[in-house]
Amino acid sequence: MEEISQNHHDELIIFVNGKKVVERYAEPEMTLLTFIRRKLGLTGTKLGCAEGGCGACTVMVSRFNPHHNQIVHHAVNACLAPLCSLHHCAVTTVEGIGSVANKLHPVQERIAKAHGSQCGFCTPGIIMSMYTLLRNSPQPTMQNIEEAFQGNLCRCTGYRPILEGYKTFTKVEGCCQGRGMANGCCMTSEHQVHGPSPVQPLFNPSEFMPLDPTQEIIFPPELMSLGKKTPRSLRFIGERVQWIQPNSLKELLELKAMYPAAKLVVGNTEVGVEMKFKNLLYPVILSPAYIQELSNIQYTENGIEFGTSVTLTVLGKVLRGAIDKLPSYKTELFQAILEQLRWFAGQQIRNVAAIGGNIMTASPISDLNPVFMAAGCKLTLMSKEGKRIIKMDEKFFTGYRKTAVKPDEILLSIEIPYTKKGQYFSAFKQSPRKEDDIATVTCGMNVVFQDSSNVVQDIQLSYGGMAPTTVLTTATCNRLIGRPWGKKLMEDACSFLAEEMMLSPSAPGGMVAYRRTLTISLFFKFYLTVLHKLAQEHLSDEDVRSDYASAIELFHLDSPTSVQIYQAVPPGQCTDDVVGRPMMHLSALKQATGEAVYCDDIPHYENELYLALVTSSKAHAYIKSIETADAMAVPGVVTFVSAKDIPGSNMTGPVVYDETVLADDQVTCVGHIVGAIVADTQVHAQRAAKAIKITYEELQPVIVTIEDAIINQSFYKPVRMIENGNLTEGFQESDNIMEGEIHIGGQEHFYLETNCTLAVPRGEDGEMELFVSTQAASKTQAVVAKALGVPASHVVCRVKRMGGGFGGKESRSTILSTVVAVAAHKVRRPVRCMLDRDEDMLVSGGRHPFFGRYKVGFKKNGKVVALDVTYYSNAGNSMDLSLSILERALFHMDNCYNIPHIRGIGYMCKTNLPSNTAFRGFGGPQGMMVAESWISDVAVCCGLPADQVRKMNLYKQGEITPFNQCLEQFTIERCWEECVNISDFYQRKARVELYNKQHRWTKRGLSIIPTKFGISFTAVFLNQAGALVHIYTDGSVLITHGGTEMGQGLHTKMIQIASRTLEIPISKIHISETSTNTVPNTSPTAASASSDLNGMAVYNACQTLLQRLETYKASNPKGSWEEWVKAAYFDRVNLSANGFYRTPDLGYDFETNSGRPFNYFSYGVAVSEVEIDCLTGSHKNLHTSIVMDVGKSLNPALDIGQVEGAFMQGVGLFTLEELHYSPQGYLYTRGPGMYKIPAFGDIPTELKVSLLRDAPNERAIFSSKAVGEPPLFLAASVFYAIKDAIFAARTESGLTGPFRLDSPATPERIRNACEDRFTKLCPPPEPGTYTPWDVQV
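Just so we're aligned, residue 319 is where the sequence shown starts under our numbering, counting upward by one.
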């Protein structure tokens, strides 16, 4: 201990992008991300979640390993990596590998040119995951690439273009990489697409720079020589924490005796999350990085002993090596561990997380602990007093997150034993999403048979997710010993497990019946697996039935393939005219190099401060008092902002002023903003915000669910209704009448860039400049001006770009902007705030959950005659945009079906949840989802194929909707026929039916779903747009328009329109940003109508300028653009014009059910095929074909990107994403750990997207159509394919007739709907007899 004095500070040496950085006072609580963004100003690396779940912050860390004498490169989450853990490491960020000005790296170039970057916020992280993979294997396989991306999320693209771009790095035998071979490209010949158009690629791989591994940044030689020296002990002392890195085991044990509460940190993947989100503080952290004994790997006669600092990546590598060398009977356990590691977090976490951390965290849902426990692994513990060896058995975990390890002991190593002949081992993990997800239930199962027999000698079944600790089912196991492995044993074991694995109906995590069923279903899989192996060894008379065989297959996904079909531009089109060509997003290269500037990337002002929100912890209460003393004592705190500090009005809201900027005397939801702390740094502001103490007086009732609202009659006015025909007559005409209901869950936007605002007071006349990540610059300007009590002309709002929006930044971004502006006004200094993911998810609301009740009358042949439907939406604690959303749901209650007699009624439920808001589709998907629910019920009742009933009920050209709008240019039949064609629908259907006959425990389903989506804001006044176009004397053109860029490529399309109109190349045209001082009174960038509106406004301005230049063109016809512009300027002609557009003939009246709500409709049809596992509820998306009518596409690459991105967001909505609220209105799902959006592995294995040919739309710019929202609902084809597969499973269990399946179709809902003998053993608890952990809102 002598070598380290208590207050001695060490210097930290780290290389970033090849430059040496020496940090004199390294702060142990600082992450690498904060360091590179704040201290070094490298803003390419992004913050997406702060918990290692989204990959936006991925960087490459390289270190020299002296023991193996090699350099190791790893992809790492910078948001979790402690700065102090990177002493003597080299860090490479996205800026370090290439830039637009100097030279791009092939990894950057290919994602951009393959259209794999839309909003661009996730792009740097994806690039660094891929870059690290290429540094480790320059010619990876597709499987390597898919594995490398397990820890990366993207919300815009739908992943396909990213994989497609990076597929060009793989070594594929006999593939031409799109360069075209003599007998045609393999990508097109596999998928013979019917019709006249050959498949044209959206990008040309032959233009890509080759990858040259010799040109990469070298590892700093200085670190190489430092790495060869014996390390010395280090100590870094921070504000609250000290980080000690001892250099010997002896020193570590002495430190552990001195600081028994100290945590040992290797990867910081658990402690980092605890300190950030659970508000825990560990004043001493011990880092065992230098201690060889903890990273040793030794081969013993019984197995392999791993030091506990060994990372999961290394563990996997070593076990794979052993499996290759040893006979398979010895490696049953190793194979089981590898199966768990396949789905363990993402690559970035596995690269740093240690085995010891996984054991000592003692998580009840650990993926590996049940495996270690079932295997009875031996653990070596050590303290100053000596070492002891214990077995990992039922006594090891002593309570929730507690183990038998004493405070002064450390876990030194774990021995993973070989298995022996007659021993079989399996491990299973079931989670909502396959990749990078927290387990619902995990288990390790180990059976040993008496010599050469099928009689059980010993059996160990261990489960996670069934109790506060990992448990062994000792009672069940004891009753199975000595019995032969057969059907009787299996049936008894299932009954025993149902008795032993009880769960309280209120157990944390919910899903009680499902979790209990899983324990039995997973044992059944184990039983079959072992039975099959015994049969192969001739130790069992019976083998697994052929129709049961798929139950024991390990989960496997094929690499995805895809086809995109679009109409090429006409042969004579001028090369400078880029309209209709698949042009790359104009910011894509900047996004790929990290040079694109987002709101929080703006450099800091000299005297800038940081704001953190203080939010309510109660759903409905009076605020009695707010104690700020403790918060003000935190270092760096400047002030607390409350409602008293608002100079203008505290009332706010996008349509009606029914919200407060800051809660005054009452809070109406958990997450209601009460106040804010302003401090010198984010860390200090957030720490102080947590120290604010609010006393409440709770109020009743607390209304959380739609059901609560109906009971309490808690609705906003008005109630909306659309009625057409005569319902009484309709139901009299019907042969059958059926009633049903469906609940559609909400959805979190999960834009990768959370809400962010920077407010800069201008020091005179109350002027303020705001930099905001928002879709609604004018609305932000208006509500901020109202709060500050100044005219709107004194407030400027500027938007460069957003890292995703999806409707979530249309109105809710203002709840942050107003608070930041008020704070900046109070302290008279610039104030910035970018919300953390958990805060953003808590305060900003999401898609409205809907509940639909319907009564439908139909003929025997499936023709629907009458429909009476009621919608309830969960609006939350304020109106926000809920009325327009409900109206759009009613406008889409028919989807594409002609129903002569129809009535739809809609209610908005007023609840104690954060206000729900706009989200891509804006009520349309919820309205249509209910329609698809009743039409599939009708098909089941009539005993007819669903596709036949759907097709029979489709509208025809010229028919009238319930709101009396005539359907012109109605292309749904063409979309339907083409979709049936490209998906081989009828052959596919026959294959599905055959598959289902041959398989009992896996089933396939198929569905075809149409959609029609009305284009226009339903609030008529919003259908207007302005543009301002300047031509400068050098001939360059600057455009500003009312729309904002959030990844959808709006600016790119506007430049394409201007280029065609002015007849100049796009290189001469620039769009810098959207701002309220250039184009005023803009509508939000929403409703899919931004290209239509702003495109026409830009066109209008360009036309004006062309007219002004006409004389100069005429007098000098051979002149250049620059000459004409100069001539006009010298003739004193105004070279600036503003353009304006309003959509004609709009306006609908609910009272009279007359008028035109929509300018036109976008149409599409999708076919999807899925496969479900009836035992676990997991599903695979096997195939999707989409045909979308987008008119004449302005840019097929962007439009196909929108179709795929919207589709995958819909797949999330209908199959994966579930928000969990407690009965008190507390949101549990506040980050990517608990809230799962689709990942790379969720895209359909085969995806075909076709843009309908020859379908011009004269109602929009250059005959194009809106594309942002319409495709989202097509993901319902996946939901109804799942329902079709469940129907097949239920039929096999003897269940017939319609059944209710709520959305999303999560594994829990799928498994519970596939009723069988196992679900009967675990009946769900009676509602009303207990308080559930979560409720369906």
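Where a beta carbon is used, it is the ideal one built from N, C-alpha and C, also for glycine.
Bear in mind that the values here come from a model prediction, so they are computed numbers and not experimental data.
Handout entry: Residue span of the alpha helix (DSSP H) that contains ASN1192, given as start and end
Key = Taking the sequence shown and counting its residues from 1, one reaches residue 1192 at position 874. ASN1192 -> not in any alpha helix (DSSP H); beta strand (DSSP E) instead, spanning 1182-1194.
Handout entry: Close Cβ partners of HIS1210 (< 6 angstroms) along its chain, the five nearest in sequence each way excluded
Key = Along the sequence shown, one-based indexing puts residue 1210 at 892. For HIS1210, where only same-chain residues beyond five positions count, the Cβ hits under 6 angstroms are GLY1242, GLY1245, MET1246.
Practice task
Could you check which residue in CYS795, SER701, ALA1142 has the C-alpha nearest to that of SER813?
Solution key: Within the sequence shown, residue 813 is the residue found at index 495, counting from 1. Ranking the options by Cα distance to SER813, first place goes to CYS795.
Practice task
Determine, using beta carbons only, whether THR626 and LEU729 come nearer to each other than 8 angstroms.
Solution key: As a first step, residue 626 must be located in the sequence shown, where it is residue number 308. As a first step, residue 729 must be located in the sequence shown, where it is residue number 411. Yes, the pair counts as a contact, with Cβ atoms nearer than the cut-off.
Practice task
Measure the alpha-carbon distance for LEU1045 versus ILE1055 and round it to whole angstroms.
Solution key: Residue numbering aside, residue 1045 sits at position 727 when the sequence shown is read from its first letter. Residue numbering aside, residue 1055 sits at position 737 when the sequence shown is read from its first letter. C-alpha separation (whole angstroms): 12 angstroms.
Exercise for the section: Count the C-beta pairs between the stretch 893-913 and the stretch 404-423 that are closer than 8 angstroms, then say yes if the count reaches three, no if not. Expected result: The stretch 893-913 vs the stretch 404-423: in contact.
Practice task
At 4 residues or longer, and completely inside the stretch 1222-1260: list those alpha helix (DSSP H) runs for me, N to C.
Solution key: Counting only runs of 4 or more, we get 1242-1260.
Exercise for the section: Report all residues from its chain with a CB closer than 6 angstroms to the CB of GLY1646; omit the five preceding and five following residues, and keep chain order. Expected result: The sequence position of residue 1646 within the sequence shown is 1328, counting from 1. Cβ within range, chain order: n/a, list empty.
Problem - Bridge partner(s) assigned by DSSP for GLU1489 - result: As a first step, residue 1489 is located in the sequence shown; it is residue number 1171 there, counting from the start. DSSP, once it has assigned bridges, lists ARG1322, LYS1498 as partnering GLU1489.
Handout entry: Pick from LEU1368, PHE1558, GLY469 that is closest to GLN1527, judged by C-alpha positions
Key = Counted from its first residue, the sequence shown places residue 1527 at position 1209. Ranked by Cα distance from GLN1527, the first of LEU1368, PHE1558, GLY469 is PHE1558.
Exercise for the section: Mind checking which residues open and close the beta strand (DSSP E) that includes ASN1471? Expected result: Walking along the sequence shown from the start, residue 1471 turns up at place 1153. It is not in any beta strand (DSSP E) - ASN1471 carries neither H nor E in the DSSP assignment.
Exercise for the section: Answer yes or no: the CB of VAL1653 versus the heavy atoms of the ligand FMN, is any distance below 7 angstroms? Expected result: The ligand content of the structure shown is nil, which means the ligand FMN is not present either.
Practice task
Please name the residue, chosen from GLU945, GLY783, PHE554, ALA663, that lies closest to ASP754 on a Cα-to-Cα basis.
Solution key: If you number the sequence shown from 1, residue 754 lands on position 436. Cα-wise, what sits closest to ASP754 is ALA663.
Practice task
Answer yes if the stretch 1400-1418 comes into contact with the stretch 1121-1129, meaning at least three C-beta pairs across the two stretches below 8 angstroms, and no otherwise.
Solution key: In short, these stretches touch, since the Cβ pair count reaches three.
Problem - Cα-Cα separation between VAL887 and LEU1516, rounded to whole angstroms - result: As a working mapping, residue 887 is identified with position 569 in the sequence shown. As a working mapping, residue 1516 is identified with position 1198 in the sequence shown. Taking the straight line from one Cα to the other gives about 15 angstroms.
Handout entry: Nearest candidate by alpha-carbon position, reference THR363, set GLY443, GLU341, GLY476, ALA654
Key = If you number the sequence shown from 1, residue 363 lands on position 45. Looking at the Cα atoms, GLY443 is the closest of the given residues.
Practice task
Please list, in chain order, all residues of the same chain as SER435 whose beta carbon is under 7 angstroms from its beta carbon, the five residues on each side excluded.
Solution key: Indexing the sequence shown from 1 puts residue 435 at position 117. Excluding positions up to five away in sequence, the list reads ILE429, THR441, HIS903, ALA906, GLN909, ALA910.
Exercise for the section: Flag this pair as yes or no: are the beta carbons of LEU1493 and ALA1105 separated by less than 8 angstroms? Expected result: The sequence position of residue 1493 within the sequence shown is 1175, counting from 1. The sequence position of residue 1105 within the sequence shown is 787, counting from 1. No, these two residues do not count as a Cβ contact at 8 angstroms.
Exercise for the section: State the DSSP-derived secondary structure class of TYR1648, mapped to helix, strand or coil. Expected result: In the sequence shown, counting from the first residue as 1, residue 1648 sits at position 1330. Judged by DSSP in its simplified three-state form, TYR1648 adopts coil rather than helix or strand.
Practice task
Tell me whether the beta-carbon of HIS1061 lies closer than 8 angstroms to the beta-carbon of GLY1164.
Solution key: Translated into the one-based positions of the sequence shown, residue 1061 becomes position 743. Translated into the one-based positions of the sequence shown, residue 1164 becomes position 846. Against a cut-off of 8 angstroms, the Cβ pair of GLY1164 and HIS1061 comes out as no contact.
Problem - CA nearest to the CA of ARG1238, picked from PRO1589, GLU871, LEU451 - result: By 1-based counting over the sequence shown, the position of residue 1238 is 920. Ranking the options by Cα distance to ARG1238, first place goes to PRO1589.
Exercise for the section: Taking only the alpha-carbon atoms, compute the straight-line gap between SER1191 and LEU1619 and give it to the nearest angstrom. Expected result: One-based indexing of the sequence shown puts residue 1191 at position 873. One-based indexing of the sequence shown puts residue 1619 at position 1301. Each residue's Cα considered, the two are about 18 angstroms apart.
Practice task
Please determine, among LEU1134, VAL992, ILE1253, the residue with the shortest C-alpha to C-alpha distance to GLU1057.
Solution key: On the sequence shown, position 739 is the one that residue 1057 refers to. Closest option to GLU1057, Cα to Cα, is ILE1253.
Exercise for the section: Decide yes or no for the touch test of the stretch 938-946 against the stretch 981-991: beta carbon pairs closer than 8 angstroms, at least 3 of them. Expected result: The stretch 938-946 and the stretch 981-991 touch, with no fewer than 3 CB-CB distances between them shorter than 8 angstroms.
Problem - CYS1074 versus PHE1089 - alpha carbon distance - result: Taking the first residue of the sequence shown as 1, we reach residue 1074 at position 756. Taking the first residue of the sequence shown as 1, we reach residue 1089 at position 771. Computed Cα separation, rounded: 8 angstroms.
Problem - Helix, strand or coil at MET710 [DSSP, three-state] - result: Here the question's residue 710 lines up with position 392 in the sequence shown. MET710: coil per DSSP, three-state reduction.
Practice task
Confirm, please, whether the CB-CB distance from SER403 to ALA575 is below 8 angstroms.
Solution key: On the sequence shown, residue 575 is found 257 positions in, with the first residue counted as 1. On the sequence shown, residue 403 is found 85 positions in, with the first residue counted as 1. Taking 8 angstroms as the Cβ cut-off, ALA575 and SER403 do not qualify as a contacting pair.
Problem - Within the stretch 542-600, ranges of the alpha helix (DSSP H) (whole runs, at least 4 residues) - result: The qualifying runs are 567-576, 589-595.
Practice task
Leaving aside the five residues before and after ILE1349 along the sequence, list all residues of the same chain whose C-beta is less than 7 angstroms from its C-beta, in chain order.
Solution key: One-based indexing of the sequence shown puts residue 1349 at position 1031. Closer than 7 angstroms at Cβ, skipping near neighbours: VAL1355, LEU1423, VAL1443, LEU1453.
Practice task
Taking LEU1464 as the reference, give the member of THR1379, GLY1457, ASN1341, PHE1532 with the closest Cα.
Solution key: Locating residue 1464 in the sequence shown gives position 1146, counting from the first residue. The residue among THR1379, GLY1457, ASN1341, PHE1532 with its C-alpha nearest the C-alpha of LEU1464 is ASN1341.
Exercise for the section: Could you have a look at GLU733 and say whether DSSP puts it in helix, strand or coil? Expected result: As a position in the sequence shown, residue 733 is number 415, starting the count at 1. The DSSP-derived three-state label of GLU733 is strand.
Exercise for the section: Kindly give me the distance between the Cβ atoms of ILE1333 and ALA1407, rounded to whole angstroms, as I take these residues to be in contact under 8 angstroms. Expected result: If you number the sequence shown from 1, residue 1333 lands on position 1015. If you number the sequence shown from 1, residue 1407 lands on position 1089. Correct: roughly 6 angstroms between the Cβ atoms.
Handout entry: For VAL1298, three-class secondary structure by DSSP
Key = As a first step, residue 1298 is located in the sequence shown; it is residue number 980 there, counting from the start. In the structure shown, VAL1298 sits in a helix (DSSP, three-state: H, G or I).
Exercise for the section: Would you give the residue range spanned by the alpha helix (DSSP H) that TYR845 belongs to? Expected result: Taking the first residue of the sequence shown as 1, we reach residue 845 at position 527. First-last of the alpha helix (DSSP H) with TYR845: 830-854.
Handout entry: When HIS406, ALA368, GLU1381 are compared against VAL334, the one with the closest alpha-carbon
Key = Counting from one through the sequence shown, the residue named residue 334 turns up at place 16. Looking at the Cα atoms, HIS406 is the closest of the given residues.
Practice task
Using three-state DSSP, classify GLU1059 as helix, strand or coil.
Solution key: Numbered from its first residue, the sequence shown carries residue 1059 at position 741. GLU1059: strand per DSSP, three-state reduction.
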